[in-house]
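Numbering (the numbering used here), first residue to last: 125 to 213.
Quick notes on the structure that follows.
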């Protein structure tokens, strides 16, 4: 099997964002380092990493991923309680 011209992508998207939200084309360097980045947001999407106070974190700092944009779901059908848990207005 010849995979010389093959591209590998890391795709990520939670249930609250239809399909995928962020992507990264995996490189040989990523594989050598043993770490594959989650990636960058698709067009019309935004991605932010916030701390527990909803403040932006610096690179390398632990935080939580917040996504917004056109692919974000308006919520869980008939489950406002779940929608409120995962949504920030």
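Heads up, the beta-carbon is just placed ideally off N, CA and C, and yes, glycines get one too.
With a CB to CB cut of under 7 Å and the five nearest residues on each side skipped, what residues in its chain are close to residue i?
i, result
"residue 142", "195, 197"
"residue 199", "207, 211"
"residue 131", "149"
"residue 135", "144, 147"
What do you reckon, are the CB atoms on residue i and residue j nearer than 8 Å?
i, j, result
"residue 148", "residue 161", "yes"
"residue 193", "residue 170", "yes"
"residue 172", "residue 190", "yes"
Between which two residues does the alpha helix (DSSP H) containing residue i stretch?
i, result
"residue 155", "152 to 157"
"residue 204", "204 to 210"
I'd like the list of long-range same chain contacts for residue i, defined as Cβ closer than 6 Å, with 5 residues on each side in sequence excluded.
i, result
"residue 137", "143, 144, 145"
"residue 168", "193, 194"
Rounding to the nearest angstrom, what Cα-Cα distance links residue i and residue j in this structure?
i, j, result
"residue 187", "residue 175", "5 Å"
"residue 129", "residue 166", "23 Å"
"residue 133", "residue 151", "9 Å"
"residue 126", "residue 157", "24 Å"
"residue 184", "residue 140", "25 Å"
"residue 153", "residue 164", "17 Å"
"residue 177", "residue 205", "22 Å"
"residue 182", "residue 159", "18 Å"
Return the first residue and the last residue of the beta strand (DSSP E) that residue i is part of.
i, result
"residue 149", "146 to 149"
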